[in-house]
Amino acid sequence: MEGTTASEMEDPLSILCRQKQIALLRSLMGEPSHPTYPSVFIYGHAATGKTLVVSTLLKTLALPHAFVNCIECQTTRQLLDRILDRVANHEPSPENNYCSLNRCENMNTFVRLLKKTTEDRGIQNQTVYIVLDKAERLRNMDGNILPAFLNLSQLSGCNVCVLLLSQIVWEKFLFGFGSNHVEPFIIHFPDYTKGELLEIIATDCPEGYSVEFYSSYVNLLMSIFYMVCRDLNEIRHLAQLNFPKYVEPITKGEASEKDSHKLWRNIEPHLKKALQTVYLREVTSEQWEKFQRAETGQPGQQTSQPGILSARAQMELPFYSKYLLIAAYLASYNPARYDRRFFSKNHGKVKKSAVNRKKETSHQLLGPRAFPLDRLMAIFYSIVDSRVAPTANIFSQISSLVTLQLLAQVGHEDQLDTPKYKCTVSLEFIRSIARTVGFDVIRYLYDFVK
Amino acid sequence: MPKRRRESEFGLSTLEKVQQTLRRRVCRIEIPPKEIIEENLKEQRQHLVDLISRCAIRGEGNSALVTGPHGSGKTMLVSSVLSEIEANPRVSKNLLIVRLNGLLQTDDKIAIEEITRQLRLDNVVGDKVFGSFAENLAFLLEALKSGSDSAQSILFVLEEFDLFAYHKNQTLLYNLFDICQSAQTPIAVVGITRRLDVVELLEKRVKSRFSHRHIHVFNSLTFPAYKEACQRMLTLPSAVGDAKFVKRWNQSIETLCSNSTVHDVLKKAHQLDKSICGLQSLLLLPICRVSDDHPEIQPVDLLESSKHLAADSKAAMLHGISVLQLSLVIGMKHLTELNDGDPFNFEMVYNEYLKFVQRKAHVVQCFEKPVVLKAFEHLVALEIVKAVDGHGSRTQKEYRAMSLLVTPAQLMDVLNTHPGCPSELKHWASNPLPS
Numbered sequence: 001m002e003g004t005t006a007s008e009m010e011d012p013l014s015i016l017c018r019q020k021q022i023a024l025l026r027s028l029m030g031e032p033s034h035p036t037y038p039s040v041f042i043y044g045h046a047a048t049g050k051t052l053v054v055s056t057l058l059k060t061l062a063l064p065h066a067f068v069n070c071i072e073c074q075t076t077r078q079l080l081d082r083i084l085d086r087v088a089n090h091e092p093s094p095e096n097n098y099c100s101l102n103r104c105e106n107m108n109t110f111v112r113l114l115k116k117t118t119e120d121r122g123i124q125n126q127t128v129y130i131v132l133d134k135a136e137r138l139r140n141m142d143g144n145i146l147p148a149f150l151n152l153s154q155l156s157g158c159n160v161c162v163l164l165l166s167q168i169v170w171e172k173f174l175f176g177f178g179s180n181h182v183e184p185f186i187i188h189f190p191d192y193t194k195g196e197l198l199e200i201i202a203t204d205c206p207e208g209y210s211v212e213f214y215s216s217y218v219n220l221l222m223s224i225f226y227m228v229c230r231d232l233n234e235i236r237h238l239a240q241l242n243f244p245k246y247v248e249p250i251t252k253g254e255a256s257e258k259d260s261h262k263l264w265r266n267i268e269p270h271l272k273k274a275l276q277t278v279y280l281r282e283v284t285s286e287q288w289e290k291f292q293r294a295e296t297g298q299p300g301q302q303t304s305q306p307g308i309l310s311a312r313a314q315m316e317l318p319f320y321s322k323y324l325l326i327a328a329y330l331a332s333y334n335p336a337r338y339d340r341r342f343f344s345k346n347h348g349k350v351k352k353s354a355v356n357r358k359k360e361t362s363h364q365l366l367g368p369r370a371f372p373l374d375r376l377m378a379i380f381y382s383i384v385d386s387r388v389a390p391t392a393n394i395f396s397q398i399s400s401l402v403t404l405q406l407l408a409q410v411g412h413e414d415q416l417d418t419p420k421y422k423c424t425v426s427l428e429f430i431r432s433i434a435r436t437v438g439f440d441v442i443r444y445l446y447d448f449v450k
Numbered sequence: 001m002p003k004r005r006r007e008s009e010f011g012l013s014t015l016e017k018v019q020q021t022l023r024r025r026v027c028r029i030e031i032p033p034k035e036i037i038e039e040n041l042k043e044q045r046q047h048l049v050d051l052i053s054r055c056a057i058r059g060e061g062n063s064a065l066v067t068g069p070h071g072s073g074k075t076m077l078v079s080s081v082l083s084e085i086e087a088n089p090r091v092s093k094n095l096l097i098v099r100l101n102g103l104l105q106t107d108d109k110i111a112i113e114e115i116t117r118q119l120r121l122d123n124v125v126g127d128k129v130f131g132s133f134a135e136n137l138a139f140l141l142e143a144l145k146s147g148s149d150s151a152q153s154i155l156f157v158l159e160e161f162d163l164f165a166y167h168k169n170q171t172l173l174y175n176l177f178d179i180c181q182s183a184q185t186p187i188a189v190v191g192i193t194r195r196l197d198v199v200e201l202l203e204k205r206v207k208s209r210f211s212h213r214h215i216h217v218f219n220s221l222t223f224p225a226y227k228e229a230c231q232r233m234l235t236l237p238s239a240v241g242d243a244k245f246v247k248r249w250n251q252s253i254e255t256l257c258s259n260s261t262v263h264d265v266l267k268k269a270h271q272l273d274k275s276i277c278g279l280q281s282l283l284l285l286p287i288c289r290v291s292d293d294h295p296e297i298q299p300v301d302l303l304e305s306s307k308h309l310a311a312d313s314k315a316a317m318l319h320g321i322s323v324l325q326l327s328l329v330i331g332m333k334h335l336t337e338l339n340d341g342d343p344f345n346f347e348m349v350y351n352e353y354l355k356f357v358q359r360k361a362h363v364v365q366c367f368e369k370p371v372v373l374k375a376f377e378h379l380v381a382l383e384i385v386k387a388v389d390g391h392g393s394r395t396q397k398e399y400r401a402m403s404l405l406v407t408p409a410q411l412m413d414v415l416n417t418h419p420g421c422p423s424e425l426k427h428w429a430s431n432p433l434p435s
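Chains A and B, in that order, give the protein sequences. Residue numbers for the first sequence follow UniProt numbering, beginning at 1 and rising by one. Residue numbers for the second sequence follow UniProt numbering, beginning at 1 and rising by one.
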């Protein structure tokens, strides 16, 4: 969607693989003067051409329309003002001080102003299209907004059609309060098949290479990524990003365009690495390109990975904070009744009850449990070797761990008396922390010891 | 563009007009003629006409509620009555109509502004400040009196009446019903609502002032009547022009309606939904499809339209997810069944996925945890999986309790149609792994 702007594609029929949907929409729209169905709901996955098809259709047919993205509109007023501006062809600019034409606080005024605006522009006979992109956001606005939009043509008496675009199915739009809505006409934009994806991506073949060559490359790329990702934007982006690497043997003269096997062997490990890094946005695309260039400079040297963000597991903390965090982790993931066994010097006999043990699911799966402050402090004192005074410093470190979101406070925040906490860091993270202070966490974790 | 081409061809204007006429019917703009409404809703209609004309002529205050399910023709009934009232000069000269809608007038302040506007009293009210809502309303009604010696009757039509009951203290409703009851300006209040229990929403003092006159409108169309309504909706009036064409069209509609495929389609639609609204959305596509190359409605059009309406949207969305996400959904299905519907979290799903992948390593590639997490988050964004405790919870995303919003039947359907779904995955979906 972002890859091709509407200006590139003048004729809506040139949009690939969406002929059926375009024909359906066109027949629903009819001629400009025809009455239309009050609302149309269009859904489909990301990058299935919802926005592209609708906006190109409206632009090429030169129909009066207002295209609004609901994410941009935090409040009802912003949304309604923007729609009215677009219908009136008014663009906020420095000349008009970025003001909108009207000041519209609620749906009642909106309906009145909409009628006035269309009359002012002399388009009261034509269908006005209001397109609301990312319409799932409308559910978070006032309860009357969505039902009112669905039946706008009847409420306002104008010839208006509201198009809602969303990734979420219509059933999830049915609201709690009342059922005062009209069912829209629902259109599904199906996902592209593998062949269609190939056909579309083949259109941005770089100069100097044949289309067949590029599509065979995209085919290879898809064999790695298609299992994980069927998003056109994502695959297209990855194809553009990794193409220089793919043709590297050709530019160096080691292989020709026909040597598909050699090219494949060259690119495969590279693409697998891309799946773990660029796809997850741990490396920015720019860094990745730089990395590719550096690698071509010194072939065979793969150690110079760029500064990967997955250094998530590194954090500098004060000494006692580290121990507090470790203690919190142990308190979160160990059942309280085993504290004696792990932390007391002379614990009693460990009774083995085979019946009970079988049923328990590992806490590593269930997640952290809440623990009271006393337990945290008890474990903390037993794992810190030196004697630590319970100063204000220690307690303020606990609360700063909470603000760093390494711990989470459970229950009411204003509870000063025996607050409860949860540890919200991963095992990886706590192990790397423990390594820096020379503490073996695994030995103290119930799940691993039992 | 086909638009330009059509201009020059023969029969263009007729088809244009056909579209114009038929679209007005299915897009709920036109009110059907009086006779059609009288056929089914004769009593209700008479009741409303009486009530309003008595208010206009004799000055009786009155209130009534029109209730009925979605698409049963409440608004249509009221608008048809209103158009008749307006046509009658004896009544209309003495009656002002104020139309309010619960979706637009969301609080009493907006409502009173709207009333002022519709009574054209903006200049009279000006910048006056009123102490209370009742005072404001009384002033409005008083202002109407001052023009002539006798008081004007006012008809209030409140659409989405149940939403007015959510206003603070129900001030608007209280005042309107109060005026109805006391001998002030003669007003009639007609509420339109879908809720049968709307009276229970009213406060005691409001309820006691309401006249408890209910006008029920139900979808009571039998199948033959439904079929006839369908035919009538498609039949053209002779006013469209080109009598020959209209005759041919109406004949084709007649043969269409006697077709057995059409009969089946209509039967199915009738079993699902008796309302005229359902019929309208069924006929929308066939009517829109009518063009030069396709001048008549075929039975196939109706069949296609009914298929379009019956499509399962959730299955359609599941069809578009990747194989990795599909295997996660299968894992979640097993977890839900294993724990008797208890919520699960990402770690459990990942564990389940690993168990599967390790057994059938050659089928599904084993992906790293972050890649799987991304796939999982995408499922959450599509609302195929939903967090049990909302977004406010402070646990890590891996441990947030989730529940699956897809039924096993839907999942199995999708597995059979999903492109490139390995058969091992299908097998896993029907047979959970031994733990």
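We put the beta carbon where it would ideally sit given N, CA and C, even for glycine.
If I follow the unbroken beta strand (DSSP E) through residue i, where does it start and stop?
i: G191 of chain B; result: I187 to T193
i: S33 of chain A; result: Premise fails: S33 of chain A is in no beta strand (DSSP E) and is neither H nor E.
i: R99 of chain B; result: L95 to N101
i: M402 of chain B; result: M402 to L404
i: Y43 of chain A; result: S39 to G44
i: N96 of chain A; result: Looking at the DSSP string, N96 of chain A is not in any beta strand (DSSP E), and its letter there is neither H nor E.
i: I187 of chain A; result: F185 to F189
i: I215 of chain B; result: H214 to H216
i: S153 of chain B; result: S153 to E159
Return the bridge partner residues of residue i from the DSSP annotation.
i: K420 of chain A; result: A:P372 and A:V410
i: V128 of chain A; result: A:V160
i: F67 of chain A; result: A:V131
i: A64 of chain B; result: B:V190
i: F344 of chain B; result: B:M402
i: I384 of chain B; result: Paired residue(s): none; I384 of chain B is not in a bridge.
i: S285 of chain A; result: Looking at the DSSP assignment, S285 of chain A forms no beta bridge with any residue, so it has no partner.
i: L165 of chain A; result: A:I42
Which residues in chain B have a C-beta closer than 7 Å to the C-beta of residue i? List them in chain order.
i: D167 of chain A; result: One detail in the question is off: residue 167 of chain A reads as Gln in this sequence, not Asp. The contacting residues are L382.
i: F429 of chain A; result: Within 7 Å Cβ-Cβ: nothing; F429 of chain A doesn't reach chain B, min ~11 Å.
i: Q154 of chain A; result: R28
i: T418 of chain A; result: Within chain B, no residue comes near T418 of chain A; the closest Cβ sits about 18 Å away, beyond 7 Å.
Could you work out which residue in the options is closest to residue i when comparing CA atoms only?
i: A188 of chain B; options: B:I154, B:K274 and B:Y166; result: B:I154
i: I250 of chain A; options: A:E95, A:L263 and A:N242; result: A:L263
i: P318 of chain A; options: A:E289, A:V410, A:S344 and A:T436; result: A:T436
i: S362 of chain A; options: A:K50, A:L445, A:L232 and A:L198; result: A:L445
i: E31 of chain A; options: B:V323, B:S291 and B:S305; result: B:S291
i: E84 of chain B; options: B:L140, B:A165, B:I31 and B:K168; result: B:I31
i: N159 of chain A; options: A:D142, A:A135, A:I186 and A:T127; result: A:T127
i: E368 of chain B; options: A:T277, A:H412 and A:E72; result: A:T277
i: P188 of chain A; options: A:A408, A:L406, A:Q21 and A:M377; result: Checking the sequence shown, residue 188 of chain A turns out to be His, not Pro. The candidate whose alpha carbon is nearest that of H188 of chain A is A:Q21.
Residue i touches chain B at which residues, Cβ-Cβ below 8 Å?
i: A274 of chain A; result: Residues of chain B passing the Cβ test: none, with the nearest at roughly 11 Å.
i: T424 of chain A; result: R394, T395 and Q396
Rounded C-beta distance between residue i and residue j? I'm assuming under 8 Å.
i: L77 of chain B; j: V66 of chain B; result: 7 Å
i: L324 of chain A; j: F371 of chain A; result: Not quite, the Cβ-Cβ distance comes to about 12 Å (not below 8 Å), so this is no contact.
i: L302 of chain B; j: V262 of chain B; result: 6 Å
i: L279 of chain B; j: C230 of chain B; result: 6 Å
i: L119 of chain B; j: L96 of chain B; result: 6 Å
i: P368 of chain A; j: K420 of chain A; result: That pair is no contact at about 11 Å.
Check the Cβ of residue i against every Cβ in chain A and list those closer than 8 Å, keeping chain order.
i: V190 of chain B; result: By Cβ distance, chain A contributes nothing, its closest Cβ being about 17 Å from V190 of chain B, past 8 Å.
Under 7 Å Cβ-Cβ, which residues of chain A neighbour residue i?
i: I110 of chain B; result: N106 and N108
If you follow the alpha helix (DSSP H) that residue i is in, where does it begin and where does it stop?
i: S216 of chain A; result: V211 to F225
i: E199 of chain A; result: K194 to I201
i: G278 of chain B; result: I276 to R289
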